[in-house]
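As you go down the protein sequences, you meet chains A and B in turn. Going letter by letter, the first sequence gives residues 1 to 693 in our numbering. Going letter by letter, the second sequence gives residues 1001 to 1302 in our numbering. Beta carbons are placed, not taken as given, at the ideal position from N, Cα and C, and that holds for glycine. What follows is one structure encoded as structure tokens, with my remarks underneath.
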Amino acid sequence: MTRSHVRDVPLPSGRTLALITLHNGRDHTRPNTLGPATLLALDEVLAGLRERAAAGEIQAVGITGKPYVLAAGADLTDITRVRPRNEARLIAQLGHKVLGGLSELGVPSFAFVNGLALGGGLEIALNSTYRTANASAAEIALPEVYLGLIPGWGGAFLLPNLIGIEKALEVIVSNPLRQNRMLQPGQAFDLGVVDAIFPAVNYLEDSLRWADGVLTGAIPVDRAGESDDSPRAHAWPAAVDAARALVAARVGDVARSPYVALELLERARGGTRAEGFAREDEALADLIVGDQFAASMYAFDLVQKRAKRPVGAPDKALAKKVGKVGIIGAGLMASQFALLFVRRLRVPVLITDLDQARVDKGVAYIHDEIVTLEAKGRVDADTANQLRALVTGTTDKSAYADCDFVIEAVFEEVGVKQQVFAEIEAIVADDAILATNTSSLSVEEIGAKLTHPQRLVGFHFFNPVAVMPLIEIVRTPATDEQTLSTAFVVAKALGKNAVLTADAPGFVVNRLLAKIMGEAARAVYEGTPLLTVERAFAPLGLPMTPFQLIDLVGWKVAAHVQDTMTSAFPERFYTNANLHALAELPQVVEKDDRGRVVAFTPAAEDVARPAVGRTPATEEEILRRVQDGLASEIKLMLDEGVVPEVEDIDLCLILGAGWPFIDGGASPYLDREGASARAFDDTFHHPPIRGIG
Amino acid sequence: MTSVTTMGASIASGMYDLALAGGVEHMGHHPIGSNWEANPRFVSEKLVEPGALNMGVTAERIHDRFPHLTKERADRYGMLSQHKVQAAYDAGKIQPDLVPVAVSDAAGAWGLATEDEGRPPTTTLEGLANLKTPFRPHGRVTAGTSSPLTDGATMSLLAGADAVQELGLQPKMRMVSFAFAGVQPEIMGIGPIPSTEKALRKAGLTIDDIGLFELNEAFAIQVLSLLDHFGIADDDPRVNPWGGAIAVGHPLAASGVRLMIQLAGHFRKRPDVRYGLTAMCVGLGQGGSVIWENPHYDGTKK
């Protein structure tokens, strides 16, 4: 439990500041959190300080945290345990009462943001009269919207009134939706979230001297955001409307918390603090008891914990040390691999292709990317030289002889891959690891002609390679423990999260995306208008519509994936030969300036027309087919042992395809929509992951 | 102190124009009686007696050598040190040279250290008389006549004459001479006596030229032995006017510059004094002394 310790600090002017230190008695790896017991104890401390202030014993109150941490926010385990809605509201009210007390002490309060300040941790600071930040503090953020909540201990009311609506929208709404982006202390200062910033070396000393200057009046505190009243009436709602449009474009309209936050921010323009806090109480209570928060907490736990300890990963001591990496292919994918491997592993990376011209092009691309990294300041000049020197290209495969880890990124055809590995196996050492980036072929079949098939593993990246955090590691019946262990160690060194899957068609992500793309294609070829299909998928809350996805993946690849899945499971997947005809066109769909698909191109209409039927489906029918199709497919995958547990499927969808927290990936959503019950007369989770509202 | 003498000498030989010299010590890392990672040869080859590794034991040896320097004189010296530090604080003489430091207590609660902590300013002779003598049964050295274990850090800026002129600096003191001298490790506390004689000789001065003394009070007896040697009274007002290490502690690497900071503080108020001495003993048998000249000296009186 995080306790509130108080010590009196004498200030140079002769005043006394009572300094509260939040400390949970653990080291910095276990940050302070704010549970009900902590809040109640802090409330008592503040009551005592209020009396001392009235008695003239203290002239200010400060609050700071243990080394490196102010507080990481509300204790989430406590919040997930609340049952009736009024209990959820009590959590919000308690936070408001206690933290709000920081502005009702009778003397000014100073928050010294010495380290990590998330959610309720930052709201401690926002409720204080003044704030400073340690320039070396870890992240500062209000990440609630990312978790399906809103800043409900004063943040949604106080922040826009402190720094202005536009900046507050960025901190409270936009940043959490950008993969939970957080503020560095310097940014927090620039935005006006804190009044002053000091280097770590004398942070508390400098902050206390600054506080004394504020108390004596020697240091004026200038806040731009508070002063401009005039443009408020007009600019405030306009800013919220603009943000609302951006949220809709980014995440659709299924997620509740961004819209609740937008409304709170809009209404924070007027009225009293008490009214603002009361709105937060109700909003927070609504969200805490909702399905989306329950699913978000499940998803958060997956990416925080399960992703870091992959199920089925062998002992990392078994891994082969990788001192040189070979990449077969010099195309775009291979070049992206090379860049990632060389940046992360800092070992020699070799690329190859059929002729010198293609090899040179591949190396040149990588060198250009390194120049870009250097220009952005991501690497210094010496490191850039090191990286450039580590990347070489050759047409002479004998240069692969001393590679410890060879990954292919050649054309997606079994025969081609078999031939590549046959050639490489004759050159590399007997225990060198071979990896294939195939997205849908059988890894076992790719390795069928190897002398040592135990060293082959699937190592499936997601596009864009530098950004997407998932690698599916595919084990064949022959793959040995050393190979598997090496794959996990390499994935981790690359900064990726790995999930172990069986060698089944499409593994996890592509199998389920094929379901999405297939159902969309099916509906169109039945005669459903394109935009009806696009709208039908909206309730899933996916990061993009099905035809945005197909267009991103590429129509050729999509047609190929659908063929592969349909040949494996003809009764459950959909493909249409016409997709290949569409794929030949330079452009299949037209998009607006926000990247939304608005229509087929006229050429595509012409190509598709002969294949389109006259039995259009409704949005409801399409949605139900997708839901039920996903539920039964996931159930089958679990029965087949593609992954050990449904959590791994959800984790893959979140990390590899960006499926939303509010769905918990897929399974909590399918359970709560009744799809699981319709598909297999049960649920994935027992009890289902539901809110209590 | 050695940081100052090393850098001072380096400036004198033209190797630097300006230098920062100081030190920091966390005495929690030097628990009493076990403060040396001693070379095992010291004892196995009988280079020193085991007692030479325990500073309190070496202090008892000074009492042995000079029986007239009694426990009562040491207690009185220790008590006055406490009183002098408190008086200096009350008069606001020490605070201007301090930098507040954030510190956390055992529970992790932050506070601000704004003065030397842990002093018992109400120390009395009666109280001191009954303290234990941890270094020897029925010995003479007690917690009341030893420097307590405290943390500390100090810093000074040294500059050569050319740099002073070029940058328009206002020197607080001028280094005249310094010297180190070796003594028997078993009685290391008398080290400042020969080192001071040596430093005086190098400066062409005598003890009578020294108008102010800042002597490190590792132990009361160690200061008393120097005063006795030079025929100075135990309570001579020229000696440690603001008290010393018996009250504020002796964080080893920080103490030398603290003596210098305080001497500089006296110089500013005493234009009648031309020369001052800072001196300290060194464990395992050395003394170090630095003689300083007061730039505020107006020649009215030596």
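**Request:** Indicate whether at least one CB of chain B lies closer than 8 Å to the CB of R131(A).
**Result:** No, no contact with chain B.
**Message:** On the DSSP letters alone, give me the boundaries of the beta strand (DSSP E) that G1288(B) sits inside.
**Reply:** For G1288(B), the enclosing beta strand (DSSP E) begins and ends at Q1286 to E1293.
**Between the CA atoms of P1192(B) and H1250(B) - distance to the nearest angstrom** = Straight-line Cα distance between these residues: approximately 16 Å.
**Request:** Determine, using beta carbons only, whether A117(A) and I140(A) come nearer to each other than 8 Å.
**Result:** Yes, these two residues count as a Cβ contact at 8 Å.
**Item:** Below-8 Å beta-carbon distance, A1153(B) vs any chain A residue
**Value:** Chain A, which has no Cβ nearer than 8 Å to the Cβ of A1153(B), makes this no.
**Request:** Return the chain-ordered list of same chain residues with a C-beta closer than 6 Å to the C-beta of F370(A), the five sequence neighbours on each side being excluded.
**Result:** Note that residue 370(A) is Ile in the sequence shown here, rather than Phe. The beta carbon of I370(A) is closer than 6 Å to those of A384, L387 and R388 in its chain, skipping five residues each way along the sequence.
**Length of the line joining the Cα atoms of A498(A) and T486(A)** = Each residue's alpha carbon lies about 12 Å from the other.
**Asked** How long is the line joining the alpha carbons of P1171(B) and M1001(B), rounded to whole angstroms?
**Response** Distance between the alpha carbons of P1171(B) and M1001(B): 18 Å.
**Asked** For L19(A), which residues in chain B fall below 9 Å Cβ to Cβ?
**Response** The contacting residues are A1109, W1110, G1111 and L1112.
**Message:** Taking the alpha carbon of K397(A) as the reference point, which residue from L354(A), G415(A) and V414(A) has its own alpha carbon closest?
**Reply:** It is L354(A).
**Residues within the stretch 53-64 of chain A neighbouring chain B, beta-carbon criterion of under 9 Å** = The residues in question are G62 and T64.
**Asked** Which residues in chain B sit within 8 Å of L696(A), going by Cβ to Cβ distance?
**Response** Residue 696(A) lies beyond the stretch modelled for chain A, which goes from 1 to 693, so this question has no answer here.
**Request:** With DSSP as the reference, please indicate the residues paired to A577(A) in a beta bridge.
**Result:** In the DSSP output, where bridge partners are listed per residue, A577(A) has none listed.
**Short Cβ contact (8 Å threshold) for A951(B) with G1243(B)** = Since the first and last residues shown for chain B are 1001 and 1302, residue 951(B) lies out of range.
**Prompt:** Span of the alpha helix (DSSP H) holding H96(A)?
**Reply:** Counting along the chain, the alpha helix (DSSP H) containing H96(A) begins and ends at R85 to G100.
**Request:** Per DSSP, which residues does V347(A) bridge with? Please list them.
**Result:** BP columns for V347(A) are empty, so no partner.
**Prompt:** Out of I427(A), E123(A) and E266(A), which has the shortest C-alpha to C-alpha gap to D404(A)?
**Reply:** Minimum Cα distance to D404(A) is reached at I427(A).
**Request:** Identify which residue in P660(A), L636(A), Q548(A) and V524(A) has its Cα closest to the Cα of R614(A).
**Result:** Nearest C-alpha to R614(A): V524(A).
**Prompt:** In chain B, which residues lie with their C-beta within 9 Å of the C-beta of R15(A)?
**Reply:** In chain order: nothing, as chain B lies at least about 12 Å away.
**Item:** Collapsed DSSP secondary structure at M544(A) in the structure displayed
**Value:** In the three-state DSSP reduction, M544(A) falls in the coil class, being neither helix nor strand.
**Asked** So with Cβ pairs under 8 Å, would you call H749(A) a contact of chain B?
**Response** Residue 749(A) lies beyond the range of chain A shown here (1 to 693); nothing can be said about it.
**Length of the line joining the Cα atoms of D648(A) and K635(A)** = Cα atoms of D648(A) and K635(A): separation of roughly 13 Å, rounded to the nearest angstrom.
**Three-way DSSP call (helix, strand, coil) for C403(A) in this model** = Shown here, C403(A) sits in coil according to DSSP, grouped into three states, outside any helix or strand.
**Asked** Are the C-beta atoms of P108(A) and some chain B residue less than 8 Å apart?
**Response** Any Cβ of chain B closer than 8 Å to the Cβ of P108(A) would place that residue at the interface, and such an atom is absent.
**Prompt:** Does the distance from the C-beta atom of M1173(B) to that of A1253(B) stay below 8 Å?
**Reply:** Taking 8 Å as the cut-off, the beta carbon of M1173(B) is found no closer than this to the beta carbon of A1253(B).
**Asked** Which residues does DSSP pair with N134(A) in a beta bridge?
**Response** F198(A), per the DSSP bridge assignment.
**Message:** By the three-class DSSP mapping on this structure, what secondary structure does H1026(B) have?
**Reply:** When DSSP states are grouped into helix, strand and coil, H1026(B) belongs to the strand group.
**Item:** Any alpha helix (DSSP H) of 4 or more consecutive residues that is wholly inside the stretch 1109-1137 of chain B
**Value:** Counting whole runs of 4 or more residues, the stretch 1109-1137 of chain B contains the alpha helix (DSSP H) stretches 1125-1129.
**Message:** Quick check: what's the CA-CA separation for L126(A) versus G62(A)?
**Reply:** For L126(A) and G62(A), the distance between alpha carbons rounds to 13 Å.
**Request:** Would you mind reading off the limits of the alpha helix (DSSP H) that contains D606(A)?
**Result:** From DSSP, the alpha helix (DSSP H) with D606(A) extends over P602 to A608.
**Prompt:** So, T33(A) versus G73(A), is the Cβ gap smaller than 8 Å?
**Reply:** Cβ atoms of T33(A) and G73(A): closer than 8 Å.
**Asked** What is the residue span of the alpha helix (DSSP H) that Y259(A) lies within?
**Response** Boundaries of the alpha helix (DSSP H) harbouring Y259(A): S257 to R267, taken from the DSSP string.
**Item:** Beta-ladder partner(s) of H460(A), from DSSP
**Value:** According to DSSP, H460(A) bridges with E472(A).
**Request:** Kindly indicate which three-state DSSP category P1067(B) falls into: helix, strand or coil?
**Result:** For P1067(B), the three-state secondary structure derived from DSSP is coil.
**Asked** When Cβ atoms are compared, which residues of the stretch 68-81 of chain A fall closer than 8 Å to chain B?
**Response** Listed in sequence order: no entries.
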